[in-house]
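Protein sequence lines correspond, in order, to chains A and B.
When we follow the numbering used here, the leftmost residue of the first sequence carries the number 1, and every step to the right adds one.
When we follow the numbering used here, the leftmost residue of the second sequence carries the number 1001, and every step to the right adds one.
By construction, the Cβ of each residue, glycine as well, lies at the ideal position given by its N, Cα and C atoms.
Down below is the structure, laid out as structure tokens.
Number of protein chains: 2
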Amino acid sequence: MNIKELVREMGVQARKAAVRLARATTEEKNKSLEAVASALEKNIKLIQAENEKDLRQGEQDGLSGALLDRLRLDDKRIESMIDGVRDVVRLEDPVGKIYDERVRPNGLRIYRMRTPIGVIGIIYESRPNVTVDASALTLKSGNAVILRGGSEAINSNLVLARLMSGAIESAGLPAASVQLVPTTDREAVGAMLKLDDLIDLIIPRGGEALIRRVVENSTIPVIKHYNGICHVYVDREADLAMAGKIAFNAKVQRPGVCNAAETLLVDRAVAGKFLPEILPRLRKAGVRLVGCERTRAIDPAVGEATEQDWKTEYLDLVLSVRVVDGLEEAVEHIERYGSRHTDAIVTGNEEKAREFVKRVDSSSVMVNASTRFSDGAQYGLGAEIGISTDKLHARGPMGLEELTTYKWVVLGNGQLRE
Amino acid sequence: MNIKELVREMGVQARKAAVRLARATTEEKNKSLEAVASALEKNIKLIQAENEKDLRQGEQDGLSGALLDRLRLDDKRIESMIDGVRDVVRLEDPVGKIYDERVRPNGLRIYRMRTPIGVIGIIYESRPNVTVDASALTLKSGNAVILRGGSEAINSNLVLARLMSGAIESAGLPAASVQLVPTTDREAVGAMLKLDDLIDLIIPRGGEALIRRVVENSTIPVIKHYNGICHVYVDREADLAMAGKIAFNAKVQRPGVCNAAETLLVDRAVAGKFLPEILPRLRKAGVRLVGCERTRAIDPAVGEATEQDWKTEYLDLVLSVRVVDGLEEAVEHIERYGSRHTDAIVTGNEEKAREFVKRVDSSSVMVNASTRFSDGAQYGLGAEIGISTDKLHARGPMGLEELTTYKWVVLGNGQLRE
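Here you go:
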């Protein structure tokens, strides 16, 4: 069998599994998840032996220390993966939920019912824990999953997928509920992205280059975010102490993630007071600062921001700072340079907060809170499969409900159309 | 300006209009819609003069009588278009609606807010009334629209778009809220489908060939349905009188539309009683019948159904009939041959109804009602922009709400991430 045929056969098996999963009860799905957790628990040594192969190969291939660290499945990481699966057991099952019910004048009772999406393809890079996290979420939401992980984690991913698949089958649901593409050949990704008759949705997780490649080649709908160019706007009516803490938290607490702030926008009316207070604190925390002319007039040690800076997701301790004339200019800046991920205003004026929320077209808009809260767990979704900056079908953090769609159900007693 | 540049410039203007429309109040949007209705009303003569050009051209080009009829804007059709716009005024505005609210342990108040999708491209065939219907719905839901109608209706469409655009501008919203591609050059469609940085969604309306062309060439999300292969399954516990009426209505009442039935599935336990009753009635109504061997054993006048028949959307007075062993086989038939549009069961057994609803993976699933009800107006959506058999983001009839997406709004008082 060539790679194209192999991937298609996986799609066929996934589709069959999806039909069964769509009518699985919550109890059946939870039993499978418990079986997965137990199987991982009982096989920690085996998992680590396979992981060791990847680590050794990675060292030979000269992977960076950071990459090797992401790859490593130490005891703590495996424990946390297993806890994650048990957390998903406790989450409410969205499938079958009825909403938006109405009774029509002719007596038809019509409502929407949540249903699984079907078969979901997940394409991701190095972290092997995604293999388990994503499988738990897709299973609980009644979807079959085809996983394609990074080549550097192939042995770890294969053993994890094999253990999960076996556990699910032993608990009475199809083994093909979770499948991992068993080859690192790039051709497999291309083949997967064209299976639009078998896969309903592709979720790529990784760097911008990976995601662009997926979008350009997929005939299947893709939900994604390219990057997070998040802004904090400090309004003239902000509590400046609060604004300082939020800006600091949004930039410094974990600079390498998509919901960290990249640009600070400051209302000119308070720039002279606010910037001399916050910029030294940021600098002391190791943040490199670049800014507009008005910023540099206040703090000449700030570097010059180029047009490119406003469009850059640093993912690092770097912040671009711009003084704006007020809310209008802040909103325009975000519209022009933002990535529609997460943007925050700090203000004591409710009217302005409402205006900002209304006008900023991002997947999450925050008032007086750190952009770092843009996260499924923080929103109470329980877990997240990813964050979407797309308009369709889900925006922002995606949990179980975002892994479902709906059908219309129409109940009658013989109604005919006239 | 070449065609590519022209279309891109339309995209840029639409994007600007969308930013303004996103914050338009319901009153502003309704005022614009009223202005549109008045402008059409005052210019019926002008519209008909332009429509006359299309009709004459169509006659010269040898269009069929049916096509010419679809193209014709007689008084009644124009009136109905204008009434349609006023109906949209009365529909509830989904934009700004808040739902799914929660307060987190740290005090963050988090909810979802309905927002417009942004810029929507609509690609359609001959009927010029789509130009007006689609514009009213996109405007009310706060979206800018780029219309690309069939070449045979170009003069009608141009005058309608020009009148609407002028009316909207005079009422204070951007003229570019509604734009029509002013050329019949095919290159314009290709250019439109690649504007993924400016257009958020493409909705094609027309025959399967048109839709396939759009899907294959678009880098923008497309919501669509290829066709409607709708089934009526008559269970052994059905009220057979009701079943006969529903089957008849689903096939005969308007056979040329997507929610008409193409296949009748009959439980073998009642086939001997039901088929001799319904088949002659269908035949008398002009329906050509093809069926499986068991059907033909009961009624030898039924033609032989080929494998291709089960996959065919006749859009005509033709029905394929199959006797099945029961619910299980009916569900499998629908899974294999259906197009996930609309499928109905007729049964007096609630348990079986529930099972059918759960297992049939179609955008609308009906119990004891005609498939012909699958329609936005019938569901109480007020109007519909189309029907989706996609999984993402909307399924079934799409009204105003389905032309929106949401953003997450997070309200805090200085919360930081730890």
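- Here Thr1184/B really is in contact with Ser1151/B; their C-beta atoms are around 4 Å apart, less than 8 Å.
- Taking 7 Å as the cut-off, the Cβ atoms of Leu1282/B and Asp1299/B do not count as close.
- Checking the DSSP bridge columns, you'll see Asp1343/B partnered with His1231/B, Val1365/B.
- Nearest to Arg236/A by alpha-carbon distance, out of Val290/A, Leu265/A, Ala153/A, Met1/A, is Leu265/A.
- With its beta carbon at least 7 Å from every one in chain A, Lys1311/B lies outside the interface.
- Counting the other Cβ atoms within 10 Å of the Cβ of Gly1338/B gives 16 or more, which makes it buried.
- Within the region 1174–1237 of chain B, the runs of beta strand (DSSP E) that reach at least 3 residues and sit entirely inside it are, in chain order, 1178–1180, 1201–1205, 1230–1234.
- Secondary structure of Tyr314/A (DSSP, three-state): coil.
- A straight-line Cα-Cα distance of about 21 Å links Gly1118/B and Lys1004/B.
- The Cβ of Lys407/A sits closer than 7 Å to at least one Cβ of chain B.
- Annotation: Cβ neighbours of Arg372/A in chain B (cutoff 7 Å, chain order): Arg1417.
- Membership of Val159/A in the alpha helix (DSSP H) is indicated by the continuous run 154–170.
- The residues Ile47, Gln48, Asn51, Pro128, Ser156, in chain order, have a CB closer than 7 Å to that of Leu73/A in the same chain once the five nearest residues on each side in sequence are set aside.
- The Cβ-Cβ distance between Val1103/B and Ala1037/B does not fall below 7 Å.
- Chain-order list of chain A residues neighbouring Pro1094/B: empty, with the shortest C-beta distance near 12 Å, by a criterion of under 8 Å.
- Per the coordinates, the alpha-carbon of Lys1053/B lies some 11 Å from the alpha-carbon of Leu1071/B.
- Beta bridge pairing from DSSP links Thr115/A with Thr405/A.
- The continuous stretches of alpha helix (DSSP H) do not include Thr263/A, which lies in the beta strand (DSSP E) extending over residues 261–267.
- Bounds of any alpha helix (DSSP H) do not take in Ser1388/B; it lies within the beta strand (DSSP E) bounded by 1386–1388.
- Ser1165/B and His333/A have their C-alpha atoms some 28 Å from each other.
- Around Pro221/A, the same chain offers Leu201 as residues with beta carbons nearer than 6 Å, after the five sequence neighbours per side are excluded.
- Against chain A, the CB of Gln1253/B has a partner CB under 7 Å away; the residue lies at that interface.
- Residues of chain B whose Cβ lies closer than 7 Å to the Cβ of Arg23/A are, in chain order, Lys1358, Arg1359.
- Under DSSP, Arg1056/B forms no beta bridge with any residue.
- Identification of chain A residues near Arg1205/B by a Cβ-Cβ cut-off of 9 Å yields none; the smallest Cβ-Cβ distance measures about 17 Å.
- Restricted to the region 1272–1332 of chain B, the alpha helix (DSSP H) segments that are unbroken, complete and at least 4 residues in length are 1293–1298, 1307–1310, listed in chain order.
- The Cβ atoms of Ile1146/B and Gly1121/B lie closer than 7 Å to each other.
- Contiguous beta strand (DSSP E) elements confined to the region 52–107 of chain A occur at 98–103, taking only those with 3 or more residues.
- In the DSSP assignment, Gly1396/B falls within the beta strand (DSSP E) that extends over 1396–1398.
- Under the DSSP assignment, Val132/A falls outside any beta strand (DSSP E), being part of the alpha helix (DSSP H) whose first and last residues are 129–140.
- When only Cα atoms are considered, Ala14/A and Leu180/A end up about 11 Å apart.
- The alpha-carbon of Glu1304/B is positioned some 22 Å away from that of Val1331/B.
- Any Cβ of chain A closer than 7 Å to the Cβ of Ala1369/B would place that residue at the interface, and such an atom is present.
- Across the set Phe1274/B, Val1234/B, Met1010/B, Glu1401/B, the C-alpha of Val1234/B shows the shortest separation from the C-alpha of Lys1352/B.
- Separation of the CB atoms of Thr1371/B and Val1252/B is rounded to 12 Å, and the pair is thereby denied contact status at 8 Å.
- A straight line joining the alpha-carbon of Asn1106/B with that of Asp309/A spans about 33 Å.
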